[in-house]
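Report on the structure given below.
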Amino acid sequence: MVHPDDSPQPDEPTAADRFFTDPANDWMFGEVYQSYVDAKGNFYSRHSAGEERKLEYERGFRGHLSNWNQEDSEQRRKAIREEGARRREELDLWKKANREELDNRIKASREELDNRIKASREELDNRIKASREERERQRVERERQRVERERQRVERERERNRQMEARRADFQLRLEETRRARREPKNSS
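Letter by letter, the sequence shown follows residues 1 to 189 in full-length UniProt numbering.
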């Protein structure tokens, strides 16, 4: 590896060294420098005019951009308002449909409940009616049995009265016979 300090020195100067060390080239450097300064001045003057135009274009562009942004934002706001109105309308329709569906469900459940209540009442009325009919039938049966017992009691009472009348009549007859028999011997004696 070669160290930079160990590099061989050229025997003669390079073209660049000769250009800058040659006294004949001194005028050239001055001209070049002056032309550089002039070019720089022209550049800056052109650049400042260009910058001015650029700023003017930029102002115009910004104005147009501002107008465009304003129009765009108004269009966006309008689109947002329209979208909001559309969504509110959809929401209202959805709410209305849900409300109608809910009302229909409530109505159906009320009708079903009313039908159940009606059926339950009819069943209860039928049970009550059957129970009343059964109680009435039992009451009529008890009344018939009571009447039958009363008839039997009256019949027994009549039979007893007949027997008592028959005994009384028999007793009366015997008593009369006994009295006659007792009187007749007295009469015959």
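Every residue gets a Cβ at the ideal spot worked out from N, C-alpha and C, and that includes glycine.
Lys40 has its alpha-carbon roughly 58 Å from the corresponding atom of Glu83. Taken through DSSP and simplified to helix, strand or coil, Thr14 comes out as coil. If only complete runs of 4 or more residues are kept, the segment 102 to 173 shows no alpha helix (DSSP H) anywhere.
A straight line joining the alpha-carbon of Arg153 with that of Gln172 spans about 27 Å. As the crow flies, the alpha-carbon of His64 is around 16 Å from that of Arg53.
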